[in-house]
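To start, the structure under review is shown below, and the notes come after it.
2 protein chains.
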Amino acid sequence: MTVRIGVFDSGMGGLTVLAALRKALPGADYLYLGDPARLPYGTKSGATVTRYALQCAKVLVERRIDLLVVACNTVSAVALGPLQETFAPLPIIGVVEPGAEAGVKATRNGHIAVIATEGTVRGGAYVRAIHARNPDIRVTQAACPLFVALAEEGWTEGEVAEAAARRYLEPLFEHAVPPDTLVLGCTHFPLLRTVIESVVGSGVNLVDSARTTAQAVAARIPPSAGSVAAPPAFLVTDSPARFARLGGQFLGETISSEAVELIDLA
Amino acid sequence: MTVRIGVFDSGMGGLTVLAALRKALPGADYLYLGDPARLPYGTKSGATVTRYALQCAKVLVERRIDLLVVACNTVSAVALGPLQETFAPLPIIGVVEPGAEAGVKATRNGHIAVIATEGTVRGGAYVRAIHARNPDIRVTQAACPLFVALAEEGWTEGEVAEAAARRYLEPLFEHAVPPDTLVLGCTHFPLLRTVIESVVGSGVNLVDSARTTAQAVAARIPPSAGSVAAPPAFLVTDSPARFARLGGQFLGETISSEAVELIDLA
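Heads up: the sequence lines are chains A and B, in that order.
Add 242 to a position in the first sequence, counting from 1, and you land on the number used in the working numbering.
Add 242 to a position in the second sequence, counting from 1, and you land on the number used in the working numbering.
Right, dumping it as structure tokens:
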């Protein structure tokens, strides 16, 4: 039987997680929900983000998913507990724990840098998740909100992206023992991977939470070998045409506007 | 009697309009409403923006304002008509018409450039407002969404802002007859005025829609000479502490967190 996986994010960033999931589990069916009418979540309060997340998850649960992936660092950081309580026993996997796990495994010198949105940094979820695994690891955090705007503008290379990456990242590595691992704690950031690597250098391990989350999901679901999956379906709260037009660069393949359904959560 | 002016915007950008209003009409009382729980409006559909705008205006009207300033280009562009119909006979002034008027007055060569958010550009409100005054004027538009992120990050000077300004603005002026007037069609953009001027050069007239809107309001209301106005009060839909902390750079003076009230529009 084909497994049906729900994926949700505030906007298009979670499509990098969907792309990684489809590589890890090509036989599953995917239903993606984006909430562009209310994005970004990263600058909103925990109470507001939790309320929005419960509304989004409810829509996916009503469409009979077998597993929910919270492909949004902000929601994973502040609302995973309420989601798991409300929709138990549905398995719900966020992006923070797999990213933290991969960071802890990757570091050799015990110093990890985490870059994320303002909300994720302020909430400290990565710090807690890393310290739950190893309290001796030093964690240096930085909010990089402009990276989100750069990814959405498609300016993932060139002078502006490079200058922004230098301004955000260089201070993170000005330590006697600089971090040897950098966790990309926002689903938009993998699009800037090349620029980020050029600033931090090849000596730093880059942890892409999209990829590590897909691996965590794959570990829980046996790949349904042989079944031919349908193309992913998309639900969005605003501007389906824009989602189809811009989402392709996050998903890594064209999104047909017929596959995008407008829904109302209000 | 003191006039009570309501000002609303999706977030903090409209504080540049409030600052200009207080300079033009220091004797009025001001009540500002920001809707950060649902910002940005600039990438959302017209129907969604109109629905949000009606909800925001209702709250201000219930608090007995004498005039409403829509300090948001996106809302002014798509929802001014519905607002005026719904709340007639309340005078409602947006930022698009005064900006267009000032642009038409400023141009000598008949070519105006307008920079704004994606929603404002797509809606074409500045083009319509300029052509209603003079159909022979050529209008060149560009969406500059990264300027919003730069203003909110406080990166209004330096390498990143300069590189972004060059990338957005230089193509606008590569014409046989380049524009001699540039309308800042987003309330965030006056914060980047210095960088914008350094790219376009001193030969280009910069029209700041915050300032031109304040002048349009002042023309309708006689300054209530002699009255001592209370400090402005603020209503926000999310994160009052963040609003107080970051809003100061838009308003040009410190915002006390006690002056910011959290409200729920949902």
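Each residue gets a CB set at the ideal place from its N, CA and C atoms; glycine is no exception.
Bear in mind the structure is a predicted one, so any value in this text is a computation, not a measurement.
{"Asked": "Contact set between the stretch 400 to 425 of chain B and chain A, restricted to residues whose Cβ is under 7 Å from the partner", "Found": "Glu401, Val402, Ala405, Ala406, Arg409"}
{"Asked": "Presumed contact (8 Å Cβ cut-off) between Lys286 (chain B) and Ala279 (chain A), rounded CB distance", "Found": "6 Å"}
{"Asked": "Interface flag, Ser287 (chain A) vs chain B, CB-CB below 8 Å", "Found": "yes"}
{"Asked": "Straight-line gap, Leu310 (chain A) to Leu273 (chain A) (C-alpha atoms, nearest Å)", "Found": "10 Å"}
{"Asked": "CB contact flag (Thr244 (chain B), Ala270 (chain B), <8 Å)", "Found": "yes"}
{"Asked": "8 Å CB neighbourhood of Val291 (chain A) in its chain, flanking five on each side removed", "Found": "Tyr283, Thr316, Val317, Val320, Ala321, Gly361"}
{"Asked": "Straight-line Cα distance separating Ala475 (chain B) from Gly489 (chain B)", "Found": "13 Å"}
{"Asked": "Beta-carbon proximity of Leu515 (chain A) to Gly253 (chain A), cut-off 8 Å", "Found": "Here chain A comprises residues numbered 243 to 508, so residue 515 (chain A) is not present and cannot be evaluated."}
{"Asked": "Every unbroken alpha helix (DSSP H) inside the stretch 276 to 348 of chain A [4 residues or more]", "Found": "288 to 304, 315 to 329, 338 to 348"}
{"Asked": "As assigned by DSSP and simplified to three states, the class of Leu507 (chain A)", "Found": "coil"}
{"Asked": "Close Cβ partners of Ala342 (chain B) (< 7 Å) along its chain, the five nearest in sequence each way excluded", "Found": "Tyr368, Ala371, Ile372, Arg375"}
{"Asked": "Short CB-CB distance (under 8 Å) between Asp480 (chain B) and chain A", "Found": "yes"}
{"Asked": "Spatial neighbours of Gly365 (chain B) in its chain, beta-carbon cut-off 6 Å, leaving aside the 5 residues before and after", "Found": "Ala319, Val320"}
{"Asked": "The alpha helix (DSSP H) enclosing Thr363 (chain B), as first and last residue numbers", "Found": "For clarity, residue 363 (chain B) is Val in the given sequence; the question names Thr instead. Residues 360 to 365."}
{"Asked": "Beta carbon of Arg246 (chain B) nearer than 8 Å to that of Ile307 (chain B)", "Found": "yes"}
{"Asked": "Rounded straight-line distance, which links the Cα of Gly352 (chain B) to that of Asp378 (chain B)", "Found": "7 Å"}
{"Asked": "Chain A within 8 Å of Leu392 (chain B), Cβ atoms only", "Found": "yes"}
{"Asked": "Which of helix, strand or coil DSSP assigns to Val442 (chain B)", "Found": "helix"}
{"Asked": "Per-residue DSSP class, three states only, for Ala249 (chain A)", "Found": "The question names Ala, yet the displayed sequence has Val at residue 249 (chain A). Three-state result, Val249 (chain A): strand."}
{"Asked": "Contact set between Pro387 (chain B) and chain A, taken where Cβ atoms lie within less than 9 Å", "Found": "Ala391, Glu394, Glu395"}
{"Asked": "Span of the alpha helix (DSSP H) around Thr455 (chain A)", "Found": "451 to 462"}
{"Asked": "Nearest to Gly445 (chain A) (by Cα), restricted to the options A:Phe415, A:Glu495, A:Gly396", "Found": "A:Phe415"}
{"Asked": "Environment of Pro482 (chain B) [buried if 16+ CB atoms lie within 10 Å]", "Found": "buried"}
{"Asked": "Buried/exposed call for Ala472 (chain B), threshold 16 Cβ in 10 Å", "Found": "exposed"}
{"Asked": "Between the CA atoms of Phe250 (chain A) and Phe329 (chain A) - distance to the nearest angstrom", "Found": "15 Å"}
{"Asked": "Proximal residues, the stretch 289 to 310 of chain A versus chain B, C-beta separation under 7 Å", "Found": "Thr290"}
{"Asked": "DSSP three-state assignment for Leu411 (chain A), whether helix, strand or coil", "Found": "helix"}
{"Asked": "Inter-residue CB distance, Ile448 (chain B) and Leu477 (chain B) (contact presumed, cutoff 8 Å)", "Found": "At residue 448 (chain B) the sequence reads Leu, which differs from the Ile that was named. The pair is not a contact, with the Cβ atoms about 31 Å apart (cut-off 8 Å)."}
{"Asked": "Residues bridged to Gln383 (chain B) [DSSP beta-bridge criterion]", "Found": "B:Val356"}
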